[in-house]
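There are 2 protein chains.
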Amino acid sequence: MSVRILTIKEDILGANEEKAKMNRELADQHHILMINITSSPGAGKTSLIMQTIARLKNKARMAVIEGDIASSIDADKVSKEGIPAIQINTAGACHLDANMIRKALDNLDLGQTDLVFIENVGNLICPAEFALGAHKHVLLLSVPEGDDKPRKYPLMFTQADVILINKIDVLPYFDFDMGAFSESVGGLNPAAKVLPISAKTGEGLEQWFSWLEGALDRRK
Amino acid sequence: MSVRILTIKEDILGANEEKAKMNRELADQHHILMINITSSPGAGKTSLIMQTIARLKNKARMAVIEGDIASSIDADKVSKEGIPAIQINTAGACHLDANMIRKALDNLDLGQTDLVFIENVGNLICPAEFALGAHKHVLLLSVPEGDDKPRKYPLMFTQADVILINKIDVLPYFDFDMGAFSESVGGLNPAAKVLPISAKTGEGLEQWFSWLEGALDRRK
Numbered sequence: 005m006s007v008r009i010l011t012i013k014e015d016i017l018g019a020n021e022e023k024a025k026m027n028r029e030l031a032d033q034h035h036i037l038m039i040n041i042t043s044s045p046g047a048g049k050t051s052l053i054m055q056t057i058a059r060l061k062n063k064a065r066m067a068v069i070e071g072d073i074a075s076s077i078d079a080d081k082v083s084k085e086g087i088p089a090i091q092i093n094t095a096g097a098c099h100l101d102a103n104m105i106r107k108a109l110d111n112l113d114l115g116q117t118d119l120v121f122i123e124n125v126g127n128l129i130c131p132a133e134f135a136l137g138a139h140k141h142v143l144l145l146s147v148p149e150g151d152d153k154p155r156k157y158p159l160m161f162t163q164a165d166v167i168l169i170n171k172i173d174v175l176p177y178f179d180f181d182m183g184a185f186s187e188s189v190g191g192l193n194p195a196a197k198v199l200p201i202s203a204k205t206g207e208g209l210e211q212w213f214s215w216l217e218g219a220l221d222r223r224k
Numbered sequence: 005m006s007v008r009i010l011t012i013k014e015d016i017l018g019a020n021e022e023k024a025k026m027n028r029e030l031a032d033q034h035h036i037l038m039i040n041i042t043s044s045p046g047a048g049k050t051s052l053i054m055q056t057i058a059r060l061k062n063k064a065r066m067a068v069i070e071g072d073i074a075s076s077i078d079a080d081k082v083s084k085e086g087i088p089a090i091q092i093n094t095a096g097a098c099h100l101d102a103n104m105i106r107k108a109l110d111n112l113d114l115g116q117t118d119l120v121f122i123e124n125v126g127n128l129i130c131p132a133e134f135a136l137g138a139h140k141h142v143l144l145l146s147v148p149e150g151d152d153k154p155r156k157y158p159l160m161f162t163q164a165d166v167i168l169i170n171k172i173d174v175l176p177y178f179d180f181d182m183g184a185f186s187e188s189v190g191g192l193n194p195a196a197k198v199l200p201i202s203a204k205t206g207e208g209l210e211q212w213f214s215w216l217e218g219a220l221d222r223r224k
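Top line first, the protein sequences correspond to chains H and Z.
Add 4 to a position in the first sequence, counting from 1, and you land on the number used in this note's numbering.
Add 4 to a position in the second sequence, counting from 1, and you land on the number used in this note's numbering.
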């Protein structure tokens with residue numbers, strides 16, 4: 005039984021990997037930068053996207069693909085800003101996959117898009133196993149979750165290009181040790197860029213915008 | 005392919021359900037109350053367990069089964085209090101299953117135990133699908149995660165006997181609407197007991213201890 009399950013899992017991941025490559029090629033054809041954003045539930049992915057839309061909407065044509073088990077709360081927020089948003093409801097599945105992303109891309113005007121944010125399902129585990137074809141992986145950890153998360157969820161932290169520590173406006177009210185966190189991340193993924201931010205107050209966001217604009221420039 | 009996967013999934017869930025029933029029977033034979041605690045990463049499951057150990061250690065003989073992808077951080081904390089703790093590392097799996105719990109139970113002195121806490125992997129999705137044999141399901145949501153979580157992760161909220169809203173000590177610093185939260189929960193699971201608490205300051209914990217002692221008394 006276990007060998008059979010393992011084979012099925014390899015089949016699924018292999019097929020997903022192929023489709024992810026095709027997504028990447030599609031984005032490349034249109035010179036689109038595609039960014040996969042992951043985090044625990046409620047860490048602030050949508051707030052980060054909203055702040056980024058407000059700041060960059062005159063510089064880049066953005067679109068957002070929202071992944072949730074249920075509801076369209078996040079896509080509704082993005083649409084109100086006049087940005088194309090596709091809501092994917094995974095109907096129980098704990099992550100987005102490459103096939104879902106392809107369907108969403110097919111519903112966007114790719115010729116009129118420079119930057120696609122993919123907001124993955126709130127989960128520090130399963131999304132790490134499923135490639136989507138994104139060029140960059142941004143992981144958001146919020147201060148209230150605690151500094152021990154890299155040790156508990158290592159794969160996700162290993163894969164990130166950028167790790168944003170969100171909600172630093174509430175640092176005084178939590179026992180979050182920035183030094184211990186940096187040390188854990190350094191042991192897993194020394195190349196990751198770690199940026200403390202508050203998507204609520206705007207603190208630290210300049211560094212995020214600057215990283216993003218640099219990545220956009222390199223796509224041109 | 006999808007039919008084949010669905011069949012495999014049903015096989016897995018069916019076999020798990022059987023093993024969960026056996027865990028429940030084993031606990032019942034020893035008059036043990038077994039409680040499954042789920043939440044997002046960093047919502048405060050371990051802090052709740054530590055507070056409960058401090059309060060009830062002279063009234064009930066407790067043991068803790070800790071589930072994590074990696075590390076033994078949580079089991080180490082519990083062991084320091086002189087309480088038996090079994091750490092399960094799921095090696096990537098996003099939830100505990102009934103088989104893992106059986107192995108942990110086999111490593112506890114059940115004749116000397118009244119109450120077993122199972123701290124599930126930090127995840128609002130996958131643990132909802134895998135029965136463990138627990139008598140009660142306690143779901144912890146923390147204020148910083150936001151009041152919209154029942155709408156985004158409905159299955160988990162539907163299954164809970166008790167929903168603890170943790171970290172109410174930081175309510176002034178977050179936009180958490182207690183009324184909107186209660187309304188969402190009421191629509192999904194009107195029978196659930198909702199208790200606002202702070203595992204850090206102790207606020208509201210009396211209601212939790214009182215619920216737990218009631219459940220323990222009913223097991224005798």
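Beta carbons: idealized from backbone N, C-alpha and C, even for Gly.
Legend entry - Proximal residues, the segment 32-48 of chain H versus chain Z, C-beta separation under 7 Å: Listed in sequence order: Ser-44, Pro-45 and Gly-46.
Legend entry - DSSP-derived helix/strand/coil call for Lys-23/Z: Three-state result, Lys-23/Z: helix.
Inset, instruction - Would you mind stating whether Leu-136/Z and Ala-89/Z have Cβ atoms separated by less than 8 Å? - result: Taking C-beta atoms as the reference points, Leu-136/Z and Ala-89/Z fail to come closer than 8 Å.
Legend entry - Reduced DSSP category for Ala-132/Z - H, G, I as helix; E, B as strand; rest coil: In the three-state DSSP reduction, Ala-132/Z falls in the helix class (H, G or I).
Legend entry - Cutoff 6 Å; reference Met-5/H; Cβ partners in own chain excluding five residues on either side: With a pLDDT of 38 at Met-5/H, under the threshold of 50, the modelled position of that residue is not reliable, and the figure given next carries that caveat. Excluding five sequence positions before and after Met-5/H, none of the CB atoms of its chain fall closer than 6 Å to its own CB.
Inset, instruction - Please confirm whether Leu-144/Z and Leu-168/Z have their CB atoms less than 8 Å apart. - result: The answer is yes: Cβ separation under 8 Å.
Legend entry - Extent of the continuous beta strand (DSSP E) to which Asp-151/H belongs: That residue, Asp-151/H, is in no beta strand (DSSP E); it is neither H nor E in DSSP.
Inset, instruction - Tell me, please, which residues DSSP counts as bridged to Gln-91/Z. - result: Glu-70/Z, per the DSSP bridge assignment.
Inset, instruction - Taking C-beta pairs closer than 8 Å, name the residues in chain Z that Lys-156/H reaches, listed in chain order. - result: The answer, in chain order, is Pro-45, Asp-72, Ile-73, Ala-74, Ser-75, Ile-77 and Gly-126.
Legend entry - Status (buried if at least 16 other CB within 10 Å, exposed otherwise) for Gly-45/H: The question names Gly, but residue 45/H is Pro in the sequence shown. Looking at its Cβ environment, which holds 16 or more other Cβ atoms inside 10 Å, Pro-45/H is buried.
Inset, instruction - Buried or exposed for His-35/Z, please, with buried defined as at least 16 other CB atoms from any protein chain shown within 10 angstroms of its CB. - result: If you draw a 10 Å sphere on the C-beta of His-35/Z, you find fewer than 16 other C-beta atoms in it, and that means exposed.
Inset, instruction - Examine the ligand FMN and report whether any of its heavy atoms sits within less than 7 Å of the Cβ of Glu-85/Z. - result: The model depicted lacks the ligand FMN and carries no ligand whatsoever.
Legend entry - Limits of the beta strand (DSSP E) - the one that Pro-176/Z falls within: That residue, Pro-176/Z, is in no beta strand (DSSP E); it is neither H nor E in DSSP.
Inset, instruction - Identify, in the order they occur along the chain, each residue of the same chain with its Cβ nearer than 6 Å to the Cβ of Arg-59/H, setting aside the five sequence neighbours on each side. - result: Once the five neighbours on either side are set aside, the close Cβ partners of Arg-59/H are Phe-213.
Legend entry - C-alpha distance - Lys-204/Z paired with Gly-48/Z, whole-angstrom precision: Cα-Cα distance, rounded: 9 Å.
Inset, instruction - Select from the segment 132-155 of chain H all residues with a C-beta closer than 7 Å to any C-beta belonging to chain Z, and list them in chain order. - result: Residues passing the 7 Å Cβ filter: Ser-146, Pro-148, Glu-149, Gly-150, Asp-152, Lys-153 and Arg-155.
Legend entry - Which listed residue (Met-182/H, Tyr-157/H and Asp-110/H) has its alpha carbon closest to that of Asp-151/H: Comparing Cα-Cα distances from Asp-151/H to each of Met-182/H, Tyr-157/H and Asp-110/H, the minimum goes to Met-182/H.
Legend entry - Inter-stretch contact at 8 Å, needing at least 3 Cβ pairs: the segment 164-178 of chain H / the segment 19-33 of chain Z: Cβ pair count under 8 Å is below three, so no.
Inset, instruction - Tell whether a beta-carbon distance below 8 Å holds between Lys-156/H and Ile-201/Z. - result: Cβ atoms of Lys-156/H and Ile-201/Z: not closer than 8 Å.
Legend entry - Buried or exposed (CB count within 10 angstroms, at least 16 for buried), Ala-273/Z: As shown, chain Z starts at 5 and ends at 224. That puts residue 273/Z outside it, with no answer to give.
Legend entry - Cα-Cα separation, His-99/Z to Phe-134/Z: One alpha carbon belongs to His-99/Z, the other to Phe-134/Z, and they sit about 8 Å apart.
Inset, instruction - Return the first residue and the last residue of the beta strand (DSSP E) that Ile-39/Z is part of. - result: Where Ile-39/Z is concerned, the enclosing beta strand (DSSP E) stretches over 37-43.
Legend entry - Partners in chain Z for Lys-171/H, counting only beta-carbon separations shorter than 8 Å: Within 8 Å Cβ-Cβ: Pro-148.
Legend entry - Distance CB(Asp-72/H)-CB(Val-125/H) smaller than 8 Å: Contact flag set, yes.
Legend entry - Limits of the alpha helix (DSSP H) - the one that Ile-77/Z falls within: Segment 77-83, the alpha helix (DSSP H) holding Ile-77/Z.
Legend entry - Own chain, CB closer than 7 Å to Gln-211/Z, minus 5 neighbours either side, in chain order: Excluding sequence neighbours, Gln-211/Z sits near Leu-199.
Legend entry - Identity of the residue in Gly-18/H, Arg-65/H and Ala-97/H nearest Gln-116/H by Cα: Answer by Cα proximity: Arg-65/H.
Inset, instruction - Ignore the nearest five residues each way along the sequence and tell me which others in Leu-216/Z's own chain have a CB closer than 6 Å to its CB. - result: If we look at Leu-216/Z and ignore the five residues flanking it on each side, it has no Cβ neighbours.
Inset, instruction - Closer than 8 Å, Cβ to Cβ, to anything on chain Z: give me those residues from the segment 181-207 of chain H, in chain order. - result: Cβ contacts with chain Z come from no residue of the segment 181-207 of chain H.
Legend entry - Anticipated Cβ contact below 8 Å, Ile-122/Z with Met-38/Z, distance rounded: Confirmed, about 7 Å.
Inset, instruction - Could you check what DSSP says for Lys-156/H in three-state terms: helix, strand or coil? - result: Lys-156/H falls in the helix class under three-state DSSP.
Legend entry - N-terminal and C-terminal residue of the alpha helix (DSSP H) that Ile-57/Z is part of: Element bounds for Ile-57/Z: 49-60.
Inset, instruction - Assign Ile-16/H to one of three DSSP states: helix, strand, or coil. - result: If DSSP states are grouped into helix, strand and coil, Ile-16/H belongs with the helices.
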